[in-house]
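Under the numbering used here, the first residue of the sequence shown carries the number 37, and numbering increases by one thereafter. The beta-carbon is built from N, C-alpha and C at its ideal position, and this holds for glycine as well. One structure below.
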Amino acid sequence: MAALFTGVGVALVTLFRDDGALDAPATADLAARLVDLGVRAVLVAGTTGEAASLTPEERAELVGAVRTALPADVPVIAGTGAPTGTQAAALTERAFGAGADAVLALSPPGVADPRPYYDRVAKATGPLLAYHFPGASAPGIPVDLLPELPVSGLKDSSGDAGRLLHERDVFAGDLWTGAASLVGLCGAVGAAGALVAVANVAPEECVAAFAGDGAAQVRLAAVERVASVDFPAGYKRAAAERFGTSVVTRVGG
């Protein structure tokens with residue numbers, strides 16, 4: 037099967053009004069602007085999108101707004117990870133009902149073998165992508181279990197180049213990095229692409245790095261070092277400097 041997308045996708049920030057209310061139209065407008073600059077997929081309600089602060093209704097509103105704002109050939113991926121498979125499956129069903137083209141489920145915290153979790157989530161209709169990010173939900177997904185998961189792709193935000201190459205060797209599904217430092221490596225080894233927060237700020241540099249531009253990869257890493265400070269507020273400040281978007285966050289507020 038063809039990859040859900042190849043190239044650069046954005047782990048989209050979620051924009052809020054000054055009073056902290058969700059601003060789904062502004063978030064969808066930012067997504068459309070990023071697509072115009074070369075982004076080929078949009079992840080909403082992910083880690084960068086402050087998913088933990090969103091209600092199920094807000095998640096669905098975001099998915100619907102972004103899906104409506106984008107061309108049909110640009111997939112909208114919804115973050116639906118949760119501590120239990122039952123919770124993640126419910127979020128997954130709601131996401132597909134709101135118009136998501138695929139879902140990305142972060143592995144559950146404190147679980148060494150996430151196979152039962154992904155089996156439960158996979159019962160919901162639609163493409164399912166696994167998400168390895170031990171910095172947000174340890175311990176993550178063991179590489180040797182990847183071939184046994186009922187998923188069509190994996191996002192790896194560990195930033196571990198050796199692990200990425202191991203995954204490329206043993207995992208037959210689509211592979212995207214979530215680390216800005218590894219965008220160029222993904223392009224070089226034939227991985228599907230990158231799904232990164234820094235694309236909120238520098239989508240053109242992401243696209244160039246994936247295409248093999250080493251200088252662009254160096255510049256992208258420099259942007260990431262600044263934007264990743266005080267996560268996710270740093271990304272919002274950087275996006276605001278370029279696009280005039282809101283800097284309001286809920287996480288930590």
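Closest in alpha carbon position to V206, among A118, G220 and P183, is P183.
Residue burial is scored here from C-beta neighbours: P163 has at least 16 other C-beta atoms within 10 angstroms and is therefore classed as buried.
Secondary-structure assignment with DSSP links A141 through a beta bridge to A166.
When the Cα atoms are used, F267 and P170 turn out to be separated by approximately 16 Å. Beta bridge pairing from DSSP links F207 with no other residue. Judged by DSSP secondary structure, G74 falls outside any beta strand (DSSP E); it is assigned neither H nor E. Leaving aside the five residues that flank S193 on each side, the residues in its chain whose CB is nearer than 8 Å to its CB run, in chain order, T83, Y167, H168, F169, G171, A172, T213, G214 and A215. Residue D65 holds the alpha-carbon nearest to the alpha-carbon of A105 among T91, I113, V80 and D65. In this structure, V179 lies near R199, with their beta-carbon atoms less than 8 Å apart. Going by C-alpha positions, G248 is about 6 Å away from G220. Apart from the 5 residues on each side of it in sequence, A67 sits with its Cβ closer than 7 Å to the Cβ of L48, V78, V102, A105 and L106 in its chain, given in chain order. Straight across, the Cα-Cα distance linking V225 with F246 is about 10 Å. Taken through DSSP and simplified to helix, strand or coil, G135 comes out as coil.
Spatial neighbours of D59 in its own chain (CB-CB distance under 7 Å, excluding positions within 5 residues in sequence) are listed in chain order as L51, F52, R53 and S282. DSSP links G43 through a beta bridge to G229. Note on R130: 16 or more other CB atoms within 10 angstroms of its CB, so buried under the neighbour-count rule.
It is roughly 8 Å from the alpha-carbon of V139 to the alpha-carbon of F132. Bridge pairing for G171: absent [DSSP]. Of the other Cβ atoms in all chains shown, 16 or more fall within 10 Å of the Cβ of G100; this residue is therefore buried. T63 is classed as buried because its beta carbon has at least 16 other beta carbons within 10 Å across all chains shown.
Counting C-beta pairs with one atom in each stretch, the segment 254–261 and the segment 86–101 have fewer than three that are closer than 8 Å, which means they do not touch.
Put simply, the backbone Cα of K159 is about 42 Å away from that of E277. Our two residues, V75 and V237, have alpha carbons roughly 11 Å apart in a direct line. Shown here, F52 sits in a strand according to DSSP, grouped into three states. Linking G280 to D149 through their CA atoms gives a straight-line distance of about 43 Å.
If you look at G100, you'll find it in the alpha helix (DSSP H) that goes P92 to A105.
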